[in-house]
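Accompanying notes for the structure given below.
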Amino acid sequence: MSTSTAANSPVFSVEGLWKVFGPKADHIPADPELAALGTAELRTRTGCTAAVRDVSFDVRKGEVFVVMGLSGSGKSTLVRCLTRLIEPTAGSIAIDGEDVRAMDRSRLRELRRHRAAMVFQHFGLLPHRTVLDNVAYGLEIQGIGKAERRRRAAEVVTKVGLEGMEQRRPAQLSGGQRQRVGLARALAVDPQVLLFDEPFSALDPLIRRDMQEEVVRLHHEEGRTMVFITHDLNEALKLGDRIALMRDGRIVQLGTPEEIVGSPADDYVREFVRDVPRADVMTVRTAMRPGDCGGAEHPGALAADAVVAEAIKVVSRSGRPACVVENGRCLGVVDQARLLDVVAGAELAGIGKEAV
Amino acid sequence: MATVTASVPRLALPGILRHRAAHKLLLLALAAAVLVPLADAHWSSGSWPGALTVDLSGPLGRANDWIIDNRDSSPLFLYFFGYISNAVVLSVRAVYLVLLAAGWAGVTAFGALVAWRVAGVRLAVGTGVAFLVCGLLGMWVPTMQTLALMVVAVLTSVVVGLLLGLAGGLSERTDRALRPVLDTMQVLPAFAYLLPVVLVFGIGVPAAVLATVVYAAPPMARLTALGLRNADPEVLEAVESLGATGRQRLLTARLPLARKQLLLGLNQTIMMALSMAVIASVIGAGGLGDRVYQALASVDVGAALAAGIPIVLLAVVLDRVTAAAGEQTDEPTASDPRRWLYALGATVAVAVAVRLAGALDWPSGWTLDIAEPVNRVVDWMTAHLYSGVPYLGGTADWAGHFTTWVLDPVRDGLQWLPWWSVLLIVAALAWVIGTWRTALTAVLAMAAIGVLGVWKPSLDTLSQVLAAVAVTLVLGFATGIAAARSDRFERALRPVLDVCQTMPQFVYLIPVVALFGVGRAPAVAAAVVYALPAVVRITTQGLRQVDPAALESARSLGATGAQQLRQIQLPLARPALLLAVNQGVVLVLAVVIIGGLVGGGALGYDAVFGLAQGDLATGLVAGAAIVCLGLMLDRVTQPTERRTRKGA
Numbered sequence: 004m005s006t007s008t009a010a011n012s013p014v015f016s017v018e019g020l021w022k023v024f025g026p027k028a029d030h031i032p033a034d035p036e037l038a039a040l041g042t043a044e045l046r047t048r049t050g051c052t053a054a055v056r057d058v059s060f061d062v063r064k065g066e067v068f069v070v071m072g073l074s075g076s077g078k079s080t081l082v083r084c085l086t087r088l089i090e091p092t093a094g095s096i097a098i099d100g101e102d103v104r105a106m107d108r109s110r111l112r113e114l115r116r117h118r119a120a121m122v123f124q125h126f127g128l129l130p131h132r133t134v135l136d137n138v139a140y141g142l143e144i145q146g147i148g149k150a151e152r153r154r155r156a157a158e159v160v161t162k163v164g165l166e167g168m169e170q171r172r173p174a175q176l177s178g179g180q181r182q183r184v185g186l187a188r189a190l191a192v193d194p195q196v197l198l199f200d201e202p203f204s205a206l207d208p209l210i211r212r213d214m215q216e217e218v219v220r221l222h223h224e225e226g227r228t229m230v231f232i233t234h235d236l237n238e239a240l241k242l243g244d245r246i247a248l249m250r251d252g253r254i255v256q257l258g259t260p261e262e263i264v265g266s267p268a269d270d271y272v273r274e275f276v277r278d279v280p281r282a283d284v285m286t287v288r289t290a291m292r293p294g295d296c297g298g299a300e301h302p303g304a305l306a307a308d309a310v311v312a313e314a315i316k317v318v319s320r321s322g323r324p325a326c327v328v329e330n331g332r333c334l335g336v337v338d339q340a341r342l343l344d345v346v347a348g349a350e351l352a353g354i355g356k357e358a359v
Numbered sequence: 045m046a047t048v049t050a051s052v053p054r055l056a057l058p059g060i061l062r063h064r065a066a067h068k069l070l071l072l073a074l075a076a077a078v079l080v081p082l083a084d085a086h087w088s089s090g091s092w093p094g095a096l097t098v099d100l101s102g103p104l105g106r107a108n109d110w111i112i113d114n115r116d117s118s119p120l121f122l123y124f125f126g127y128i129s130n131a132v133v134l135s136v137r138a139v140y141l142v143l144l145a146a147g148w149a150g151v152t153a154f155g156a157l158v159a160w161r162v163a164g165v166r167l168a169v170g171t172g173v174a175f176l177v178c179g180l181l182g183m184w185v186p187t188m189q190t191l192a193l194m195v196v197a198v199l200t201s202v203v204v205g206l207l208l209g210l211a212g213g214l215s216e217r218t219d220r221a222l223r224p225v226l227d228t229m230q231v232l233p234a235f236a237y238l239l240p241v242v243l244v245f246g247i248g249v250p251a252a253v254l255a256t257v258v259y260a261a262p263p264m265a266r267l268t269a270l271g272l273r274n275a276d277p278e279v280l281e282a283v284e285s286l287g288a289t290g291r292q293r294l295l296t297a298r299l300p301l302a303r304k305q306l307l308l309g310l311n312q313t314i315m316m317a318l319s320m321a322v323i324a325s326v327i328g329a330g331g332l333g334d335r336v337y338q339a340l341a342s343v344d345v346g347a348a349l350a351a352g353i354p355i356v357l358l359a360v361v362l363d364r365v366t367a368a369a370g371e372q373t374d375e376p377t378a379s380d381p382r383r384w385l386y387a388l389g390a391t392v393a394v395a396v397a398v399r400l401a402g403a404l405d406w407p408s409g410w411t412l413d414i415a416e417p418v419n420r421v422v423d424w425m426t427a428h429l430y431s432g433v434p435y436l437g438g439t440a441d442w443a444g445h446f447t448t449w450v451l452d453p454v455r456d457g458l459q460w461l462p463w464w465s466v467l468l469i470v471a472a473l474a475w476v477i478g479t480w481r482t483a484l485t486a487v488l489a490m491a492a493i494g495v496l497g498v499w500k501p502s503l504d505t506l507s508q509v510l511a512a513v514a515v516t517l518v519l520g521f522a523t524g525i526a527a528a529r530s531d532r533f534e535r536a537l538r539p540v541l542d543v544c545q546t547m548p549q550f551v552y553l554i555p556v557v558a559l560f561g562v563g564r565a566p567a568v569a570a571a572v573v574y575a576l577p578a579v580v581r582i583t584t585q586g587l588r589q590v591d592p593a594a595l596e597s598a599r600s601l602g603a604t605g606a607q608q609l610r611q612i613q614l615p616l617a618r619p620a621l622l623l624a625v626n627q628g629v630v631l632v633l634a635v636v637i638i639g640g641l642v643g644g645g646a647l648g649y650d651a652v653f654g655l656a657q658g659d660l661a662t663g664l665v666a667g668a669a670i671v672c673l674g675l676m677l678d679r680v681t682q683p684t685e686r687r688t689r690k691g692a
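Going down the list, the protein sequences come from chains A and B.
Position one of the first sequence corresponds to residue 4 (our numbering), numbered consecutively onward.
Position one of the second sequence corresponds to residue 45 (our numbering), numbered consecutively onward.
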């Protein structure tokens with residue numbers, strides 16, 4: 004996980020973003036009384052629906068930023084606001100410091116063509132085109148010649164593992180293959196950021212796992228910044244460097260998977276993460292008792308980013324506490340009691356600092 | 045609402061009446077209780093009061109005279125209609141000459157090759173055979189005349205329809221303005237379009253082509269708009285997310301995505317153009333329709349059939365070939381222009397070869413005269429089947445009985461009803477089935493008929509429509525239910541329905557005249573035969589589309605077949621059944637009007653008479669009444685949802 008890039012400047016910087024659907028929508032964010040109303044009350048009072056309410060976050064360069072929430076929580080609207088596929092009502096969005104909301108049409112088109120590409124839930128492929136021409140479509144829009152765009156598309160098709168299927172049509176592909184085409188189409192334009200809108204929720208569980216691994220692999224290889232929308236907590240925990248958990252248009256908690264699972268911000272989040280196997284998410288850095296073990300040989304010698312499940316294996320095999328080591332230095336010790344605390348769900352001190 | 049419905053005793057409500065319906069009827073009854081005595085006191089009951097009519101024949105006659113007088117001098121005609129008229133005449137003439145220059149062999153080869161490229165070998169053979177049969181029946185030249193008119197009319201319709209459809213598909217506001225107009229145009233009988241164009245252009249080819257365009261363009265416009273609107277929103281969003289401009293979005297996504305609807309629109313436009321091109325023989329279209337028209341006028345069934353068969357063949361071939369083009373999902377053949385060039389080259393080669401062989405025109409020795417044998421058969425039928433068949437009675441007897449026992453009482457009953465009660469019935473039916481808007485339109489349309497001063501003939505037409513609709517629905521629902529319950533029956537029925545649904549309205553008159561002679565009963569019979577396929581098809585589809593889970597749960601509770609039908613299928617298929625009624629009414633009206641050509645009388649006759657005698661005032665009033673009647677009947681039976689014409 005790329006926590007080391009955290010210091011870099013943000014790719015997307017979102018501040019106080021609102022999206023309200025309905026008549027006279029722009030009055031609502033400005034009016035503090037209306038802005039404080041709940042969803043149902045707002046609808047009866049004004050006939051408007053606030054899909055995104057006062058959302059702020061930064062997407063750092065090279066990270067996978069997951070926005071997660073149940074259906075109707077406003078996450079899909081939020082991601083569409085980033086490239087103004089849906090026009091935001093209030094707030095500011097900046098990409099690399101450039102104000103997205105102030106862009107004119109051609110500048111916006113340039114943003115969509117080169118800087119941010121999106122992968123859709125139901126793929127959004129053109130049924131009358133072959134796989135290759137679908138992948139090349141974004142390049143065609145940019146006005147790149149046929150031979151050149153086909154050559155580049157063929158490369159990306161290979162990268163996502165669809166070689167040999169270039170001349171098929173979307174209808175002849177399975178769901179997973181179609182989404183690979185969708186992914187390839189987004190990759191073909193070599194965007195700075197990839198936006199995923201619940202890309203795998205229409206797929207079967209096994210295919211979904213394959214595709215998640217594909218995304219992990221791609222991210223590992225290219226280090227591209229990704230914004231990933233999902234309603235699946237496991238997917239969020241698996242892919243996300245950081246997760247923003249949304250409810251009724253607001254972000255209720257923003258943090259690393261460990262922070263979300265380890266110290267939920269409120270009961271809603273707690274309920275959400277209740278069934279997560281904590282040992283697979285929490286790291287020994289959180290579980291350890293800080294302090295040097297005193298010895299030189301560091302029994303166990305776990306890396307600080309190792310998850311608790313690994314530590315349990317080591318500790319139970321050796322039958323004694325294990326050291327947590329980073330850069331050859333001992334950070335602390337985990338013993339059976341600490342590990343059991345994590346598994347049992349006790350909230351440990353010292354985590355969740357970043358929680359909103 | 046609760047208090048009002050509570051005052052209606054529950055026991056008095058039959059099961060089919062919902063509370064809402066009772067509510068509406070009660071409100072209507074209240075309104076009637078106030079208004080009827082007023083109306084009665086002012087204008088008395090009985091037929092439509094003379095005080096409320098406006099005689100339009102004077103102004104219309106003067107308008108007609110003015111147009112005739114000024115056709116050669118007014119700038120409007122010289123610089124606008126004149127150019128249109130000339131352009132139409134020239135282009136039809138040009139196409140006709142090209143068709144003649146290609147010769148029978150060239151046209152047949154070209155048709156077969158196009159069909160082969162688009163739809164495969166079987167249809168290619170079918171197309172070739174169809175053209176040869178046209179020649180064999182001695183109808184080559186009329187067929188080419190009709191075809192020339194069709195080519196010009198269809199091309200124009202497609203261009204006009206595409207432009208309107210694009211406007212409607214891309215702009216919400218245009219769509220809202222356009223849709224009710226197109227919807228209404230689709231329910232009007234073809235005959236209603238003839239008179240206004242004749243008023244402007246006079247009888248002749250330009251009027252025929254323009255009437256055809258006006259009649260045939262709406263489906264193209266509707267389906268284009270529909271196709272553009274129904275494009276998968278996520279695909280469009282994906283296209284936009286890649287930064288496509290508006291033009292790129294239209295050309296690379298929206299139009300290709302709408303391909304299926306565009307080709308369906310082309311198919312429907314061609315079919316409607318053929319239908320109209322045949323009917324337009326009444327206003328000088330010439331060609332096959334004219335032969336049928338002339339033959340029917342002298343009750344020469346043999347000659348009518350000789351011209352009718354090519355019409356049917358043309359219809360079936362055009363329909364199948366364009367439908368096959370629409371079903372082709374993969375690579376459009378246009379992407380390989382070389383094969384088209386081969387096809388064109390082969391056509392030219394065949395045409396030149398036949399020309400050099402000196403057989404450009406259809407060889408005169410190759411014709412088969414079917415008129416005479418057919419007429420002999422018809423004579424035999426007249427002698428043996430018309431009446432006096434033991435126990436059965438004979439066809440003419442049936443027609444007579446139908447007229448005496450059904451049509452006359454219904455007509456007399458309608459004409460006996462006080463005018464306000466007719467309006468009330470219309471309002472009640474329309475409101476219960478639809479909304480207050482449809483009810484209002486229906487009542488206004490019916491009132492307009494009275495105002496036009498054609499109350500009585502309109503009620504005569506209405507009586508024929510009602511009788512025909514009743515027969516159609518009984519037969520159609522029964523057949524539809526049977527087809528929905530038996531796969532084998534449906535499979536056997538499907539090709540019959542397919543052919544029936546492609547035949548132009550006019551053609552139905554031929555067998556009917558052969559069987560029943562002329563009169564009102566034959567017109568009704570033709571209407572029933574024409575409307576039946578659509579009703580059967582919609583009923584079957586509606587019943588078959590009933591949620592299988594609901595049926596399964598009923599079966600699991602031990603419901604019998606009849607119980608399933610009555611308690612699950614029919615109630616759930618109610619929208620489809622209402623649609624079937626609506627389509628049945630619209631289609632029946634179209635043919636009952638044309639029935640004026642074979643003695644149906646009433647409005648249809650007035651329109652034909654007006655055309656034939658040059659008395660356009662009478663014709664136009666009848667035409668306006670037809671429009672009103674069509675509107676009224678459609679609105680009365682209009683369920684909240686509607687689908688494209690003929691439910692195909």
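Quick reminder that beta carbons are idealized off the backbone N, C-alpha and C, glycines included.
List the residues of chain B whose Cβ lies closer than 7 Å to the Cβ of I144 of chain A, in chain order.
Those are L286, G287, A288 and Q292, listed as they occur along chain B.
Would you check if the segment 250–263 of chain B and the segment 287–307 of chain B touch, i.e. whether three or more CB-CB distances between them fall below 8 Å?
no
Mind listing the chain A neighbours of V279 of chain B? Cutoff is C-beta to C-beta under 9 Å, in chain order.
Neighbours of V279 of chain B in chain A, taken as residues at a C-beta separation under 9 Å, are given in chain order as F123, H125, F126, G127, L128, L129 and P130.
Between the segment 168–193 of chain A and chain B, which residues of the former have CB atoms less than 9 Å from a CB of the latter, in chain order?
R172, A174, G185, R188, A189 and V192
Hey, is T377 of chain B's beta-carbon within less than 9 Å of any beta-carbon in chain A?
Residue confidence for T377 of chain B is low, a pLDDT of 45 falling below 50, so the modelled location carries little weight and cannot support an answer.
Can you confirm whether L272 of chain B, when its beta carbon is compared against all beta carbons of chain A, has any partner nearer than 9 Å?
no
I'd like to confirm the pairing. Which residues does DSSP put opposite R253 of chain A in its beta bridges?
A:R250
Quick check: the segment 643–651 of chain B against the segment 585–599 of chain B, are at least 3 beta-carbon pairs closer than 8 Å?
no
Whole angstroms is fine: what's the gap from P233 of chain B's alpha carbon to V133 of chain B's?
25 Å
Closer than 9 Å by beta-carbon distance: list the chain A residues that pair up with R303 of chain B, in chain order.
H131
Following the continuous beta strand (DSSP E) through P186 of chain B, name the residue where it begins and the one where it ends.
First-last for P186 of chain B: W184 to L214, but that is the alpha helix (DSSP H), not the beta strand (DSSP E).
Helix, strand or coil for D200 of chain A per DSSP?
strand
CA nearest to the CA of A329 of chain B, picked from B:L72, B:L210, B:V196 and B:P539:
B:V196
For the ligand MN, I want to know if G640 of chain B counts as a neighbour, meaning its beta carbon is within less than 8 Å of at least one of the ligand's heavy atoms.
You won't find the ligand MN in this model; it holds no ligand whatsoever.
Just checking: is the beta-carbon of V138 of chain A within a distance shorter than 9 Å of some beta-carbon in chain B?
no
Taking beta-carbon pairs under 9 Å, can you tell me which members of the segment 87–98 of chain A lie near chain B?
Flagged, chain order: L88.
Checking the sheet assignment: what are the DSSP bridge partners for I98 of chain A?
A:F15 and A:E101
Closer than 9 Å at the beta carbon, the chain B residues around R112 of chain A:
G287, A288 and T289
Between the segment 73–85 of chain A and chain B, which residues of the former have CB atoms less than 9 Å from a CB of the latter, in chain order?
R83
Rounded straight-line distance, which links the Cα of P539 of chain B to that of H234 of chain A:
H234 of chain A and P539 of chain B: Cα-Cα distance of roughly 50 Å.
Which residue comes first and which comes last in the beta strand (DSSP E) that contains E329 of chain A?
A325 to E329
Taking CB distances under 9 Å as the criterion, tell me whether A390 of chain A reaches chain B.
Nothing about residue 390 of chain A can be read from this structure; chain A reaches only from 4 to 359.
Indicate the three-state DSSP secondary structure (helix, strand or coil) for P35 of chain A in the structure shown.
Note: P35 of chain A maps to helix in three-state DSSP.
Against chain A, with Cβ distances strictly below 9 Å, would T296 of chain B count as a contact?
yes
Start and end residues, beta strand (DSSP E) containing R535 of chain B:
Run containing R535 of chain B: none in the beta strand (DSSP E); it sits in the alpha helix (DSSP H), D531 to T546.
Smallest Cα separation from Q180 of chain A: which of A:L343, A:D213, A:V23 and A:V82?
A:D213
Between V283 of chain B and chain A, is the shortest Cβ-Cβ distance under 9 Å, so that the two count as touching?
yes
By the 10 Å Cβ neighbour count, where 16 or more other Cβ atoms means buried, how is N108 of chain B classified, buried or exposed?
buried
According to DSSP, is L510 of chain B part of a helix, a strand, or is it coil?
The answer is helix: DSSP assigns L510 of chain B an H, G or I state.
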